[in-house]
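In the working numbering, the protein residues as written are 18 to 231.
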């Protein structure tokens with residue numbers, strides 16, 4: 018084994034380590050010295066000032082000059098009004114009132130008669146009224162051709178609606194003693210009422226009819 022070669026290698030490593038250590042110490046010393054100088058430079062006095070903003074004072078108020086007093090014109094000279102003389106009218110001779118000693122005539126007092134009482138109203142018509150005077154047109158019934166002689170009379174009671182006869186009822190006053198002749202006469206009366214009678218309004222009327230055959 019070559020021990021001389023191993024000793025030379027270890028001494029080289031030791032020297033190299035010493036060189037590195039010296040450099041590290043030098044760099045550390047430099048770094049600490051610079052830091053101290055920086056701290057001393059910063060430690061200087063610090064002066065803090067508050068800057069106040071200057072506010073301009075408001076302008077002085079403007080002086081208000083009062084207007085000059087009105088110069089009044091001198092009053093006009095006093096002129097006295099003209100004197101007006103009023104003359105009193107002459108006295109009017111008024112005649113003295115005449116006093117009459119004659120007493121006024123005495124008039125007889127007559128009381129006013131009370132007003133006459135109004136006439137009582139006419140009682141309302143409850144039954145049928147006469148066709149004469151209420152109808153403007155009234156035709157005669159035609160005489161039927163019958164083999165009958167004598168006299169017969171009938172009273173017809175009929176209703177009028179809107180001026181026309183709508184319903185007829187008969188009352189025999191004197192019969193014909195013949196049913197065929199009596200029926201023919203009533204038919205003639207009903208035809209005359211419904212076809213020829215004109216009665217304005219709505220009402221209940223009656224009319225008598227007499228048949229006479231020799």
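Yeah, the Cβ is synthetic: ideal placement off N, Cα and C, and Gly gets one too.
| Where do the N-terminal and C-terminal ends of the beta strand (DSSP E) with residue 172 fall, by residue? | Within the chain shown, residue 172 is the residue found at index 155, counting from 1. Where residue 172 is concerned, the enclosing beta strand (DSSP E) stretches over 167-178.
| request: Determine the burial state of residue 224: buried for a count of at least 16 other Cβ atoms within 10 Å of its Cβ, exposed for fewer. | output: What you label residue 224 is simply residue 207 of the chain shown in a count that begins at 1. Buried.
| query | Under the rule that 16 or more other beta-carbon atoms within 10 Å means buried, what is residue 199, buried or exposed? | reply | The sequence position of residue 199 within the chain shown is 182, counting from 1. The residue in question, residue 199, is buried, as its Cβ has 16 or more Cβ neighbours within 10 Å.
| task | Counting only the same chain and skipping the five closest in sequence on each side, list residues whose C-beta sits under 7 Å from that of residue 220. | result | One-based indexing of the chain shown puts residue 220 at position 203. Counting only Cβ-Cβ distances below 7 Å, and skipping sequence neighbours, we find 146, 151 and 177.
| Assigned exposure category for residue 46 - 16 Cβ within 10 Å defines buried | Working through the chain shown from its first residue, we reach residue 46 at position 29. Result: exposed.
| Nearest to residue 148 (by Cα), restricted to the options 201, 133, 160 and 218 | As a working note, residue 148 is residue 131 in the chain shown. Residue 218 is the option with its Cα nearest to residue 148.
| said: DSSP three-state label for residue 163, please. | reply: Position 146 of the chain shown, counted from the start, is the residue given in the question as residue 163. In the structure shown, residue 163 sits in coil (DSSP, three-state: anything other than H, G, I, E or B).
| request: Could you please give me the residues that DSSP links to residue 189 through a beta bridge? | output: Along the chain shown, one-based indexing puts residue 189 at 172. According to DSSP, which records beta bridges pairwise, residue 189 is partnered with 171.
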